[in-house]
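Take the sequence shown: its letters are residues 405 to 699, numbered as in UniProt numbering.
In this text, a Cβ means the ideal position worked out from N, Cα and C, and glycines have one as well.
These numbers were taken from a predicted model, which means no experiment stands behind them.
Shown next, in structure tokens, is the structure this report addresses.
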Amino acid sequence: ATPTALLVGTGRGAQLGILIKGPEVLENTRKADTVLLDKTGTVTTGRMTLLALHTADGTTEDEALRLAGALEHASEHPIAQAIATAARERLGDLPPVEDFTNIPGLGVQGTVDGHTVVAGREALLADRAQHLPAALAAAKTTAERAGRTAIAVGWDGAARAVLEVADAVKPSSAEAVAELRALGLRPILLTGDNRLVAEAVAAEVGIPARDVIAEVLPEDKVTTVQRLQAEGRTVAMVGDGVNDAAALAQADLGLALGTGTDAAIEAADLTLVRGDLRSAADAIRLARRTLATIK
Ligand code: ADP
Ligand code: MG
405 ATPTALLVGT
415 GRGAQLGILI
425 KGPEVLENTR
435 KADTVLLDKT
445 GTVTTGRMTL
455 LALHTADGTT
465 EDEALRLAGA
475 LEHASEHPIA
485 QAIATAARER
495 LGDLPPVEDF
505 TNIPGLGVQG
515 TVDGHTVVAG
525 REALLADRAQ
535 HLPAALAAAK
545 TTAERAGRTA
555 IAVGWDGAAR
565 AVLEVADAVK
575 PSSAEAVAEL
585 RALGLRPILL
595 TGDNRLVAEA
605 VAAEVGIPAR
615 DVIAEVLPED
625 KVTTVQRLQA
635 EGRTVAMVGD
645 GVNDAAALAQ
655 ADLGLALGTG
665 TDAAIEAADL
675 TLVRGDLRSA
685 ADAIRLARRT
695 LATIK
């Protein structure tokens, strides 16, 4: 292998908006046959908005939004920002949160106005013996079938609200998936979000339901990469979140979006500066061309 050709390859990458950690990365870029795509912030824009709010009998919308908004104000998750922003727009200043805890891949908990408030996946509330009343459970399923993420909110020992949030699929994501497939890779959608939501997003970008891995906890993203590697696959993973960092490091090739978190960028081998998934296909084409020149 001539070092000059490798350097030319990495230099060309920089022009394409692909930052390569070192020339040795190109070999795994060429070999990848499977590509795991994180959903939120990678396939979708990650800019979420609150679309609807459902409350249990005896709970007002303002009360639910005030407690959930105050709690989520302490979190950096895109879902949290959507909820906190909507709450501030409607209610103005929000009360402070104490004893804030982030439960990765599940949700958040904290004390607001003397209430212990929990927001996140239904399972997180169920762990605290807070179960959704039938009407809220039905609203949640309807929202998820439509590709929206339903956040359950509970306080004072009961589940009392469901908030619907959604973000849009990036305009270039479907094309990127098609390009990756044309290059011989198998795109798989990997997410901590609910299965119904994940399948709705996957359908939008041309990934079949059998290639959707949903409801995965952050630590299980690593296990997913390892399982595919044990099956003999060379795994590329594209992600943006703190939650993706360990899986990006475990993958044969980790690709971080330049729009993503520092943790993801540090763990990855390659950074796609533009935050556009099509750059992942560009990187693979570049690696193949560069290494073909060398042989
Ligand atoms: P993804 O893999 O799609 O980026 P995450 O692993 O970050 O998703 O989160 C998985 C799920 O955990 C979310 O869909 C949401 O239901 C819940 N969750 C995570 N963080 C929060 C939060 N701050 N507030 C509410 N729910 C959250
Ligand atoms: Mg993400």
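Q.
For the ligand ADP, is there any heavy atom lying closer than 7 Å to the beta carbon of ASP442?
A. Yes; taking the cut-off as 7 Å, the Cβ of ASP442 has a heavy atom of the ligand ADP nearer than that.
Q: Under 8 Å Cβ to Cβ from THR463, same chain only, skipping five residues before and after it: list those, please.
A: Excluding positions up to five away in sequence, the list reads ARG564, ALA565.
Q) Can you check whether the CB of VAL677 is closer than 8 Å to the CB of THR665? A) Taking 8 Å as the Cβ cut-off, THR665 and VAL677 do not qualify as a contacting pair.
(Q) Let me check understanding here. Comparing Cα to Cα, which of ASP437, THR545, THR449, GLU467 lies closest to SER576? (A) Across the set ASP437, THR545, THR449, GLU467, the C-alpha of THR449 shows the shortest separation from the C-alpha of SER576.
Q. Since LEU471 is in the beta strand (DSSP E), which residue starts that stretch and which ends it?
A. Here LEU471 belongs to no beta strand (DSSP E); instead the alpha helix (DSSP H) covers 465–476.
Q: Enumerate in chain order the residues of its own chain whose CB-to-CB distance from GLN630 is below 7 Å, with the five nearest sequence positions on each side excluded.
A: If the five residues before and after GLN630 are omitted, its C-beta is found closer than 7 Å to the C-beta atoms of GLN654, all from its own chain and listed in chain order.
Q | Own chain partners of THR453 with C-beta closer than 6 Å, once the 5 adjacent residues on each side are dropped | A | Contacts found: ALA486.
Q) Closest to LEU589 by CA distance: which of VAL620, ILE688, ALA472, ASP648 is it? A) Closest in C-alpha terms to LEU589, from the list VAL620, ILE688, ALA472, ASP648, comes ILE688.
Q: Report, in whole angstroms, the separation of the C-beta atoms of ALA472 and LEU567, which I expect to be a contact under 8 Å.
A: With 8 Å as the limit, ALA472 and LEU567 qualify as a contact, their Cβ atoms being about 6 Å apart.
Q) From which residue to which residue does the alpha helix (DSSP H) around ASN647 run? A) No alpha helix (DSSP H) holds ASN647; DSSP gives it neither H nor E.
(Q) Just to confirm my understanding: we take VAL620, look at its own chain, exclude 5 residues before and 5 after, and list those with CB closer than 8 Å. What are they? (A) Around VAL620: GLY509, LEU594, THR595, GLY596, THR628.
Q: Following the continuous alpha helix (DSSP H) through PRO482, name the residue where it begins and the one where it ends.
A: Here the alpha helix (DSSP H) through PRO482 covers 482–495.
Q: Please look up how many angstroms separate the CB atoms of ALA650 and LYS625, rounded, as I've assumed it's under 8 Å.
A: Contact check for ALA650 and LYS625: beta-carbon distance about 7 Å, within the 8 Å limit, so the pair qualifies.
Q) alpha helix (DSSP H) containing PRO407: first to last residue? A) PRO407 -> alpha helix (DSSP H) spans 407–419.
**Q.** Proximity to LEU528 [Cα-Cα], best of ALA550, THR505, ALA547, ASP680
**A.** Nearest neighbour of LEU528 by Cα position, chosen from ALA550, THR505, ALA547, ASP680, turns out to be THR505.
(Q) Could you tell me the alpha carbon to alpha carbon distance between LEU600 and GLY551, rounded to whole angstroms? (A) Going from the Cα of LEU600 to the Cα of GLY551 covers about 7 Å.
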